[in-house]
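Numbering (my numbering), first residue to last: 28 to 91.
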């Protein structure tokens, strides 16, 4: 799975950053510069991938 960072802008101007393909805290490191540029963070929702380790993620990808 490729790693992507998606920036969603709502009609009211609110933005949301979603990361895909990252395991553990890699997503925070990868999107940190974008989040800083967008301003103050108001909410954070962690996906299941955040709680996976890199080795668990690798095993899942190899099994597909």
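Even glycine gets a Cβ: it sits at the ideal position worked out from N, Cα and C.
As the structure is a prediction and not an experimental result, all values here were calculated from the model.
Expressed to the nearest angstrom, what Euclidean distance is found between the alpha-carbon atoms of residue i and residue j?
i	j	result
residue 51	residue 29	15 Å
residue 38	residue 68	18 Å
residue 41	residue 33	14 Å
residue 53	residue 64	18 Å
residue 31	residue 75	16 Å
Among all the DSSP beta bridges, which residues are the ones paired with residue i?
i	result
residue 33	45
Name the residue from the options whose alpha carbon lies nearest to the alpha carbon of residue i.
i	options	result
residue 66	32, 53, 43	43
residue 77	62, 48, 68	48
residue 55	41, 71, 40	71
Quick test of your reading: residue i and residue j, contact by CB under 8 Å. State the CB separation rounded to the nearest angstrom.
i	j	result
residue 61	residue 45	About 11 Å separates the two Cβ atoms, so there is no contact after all.
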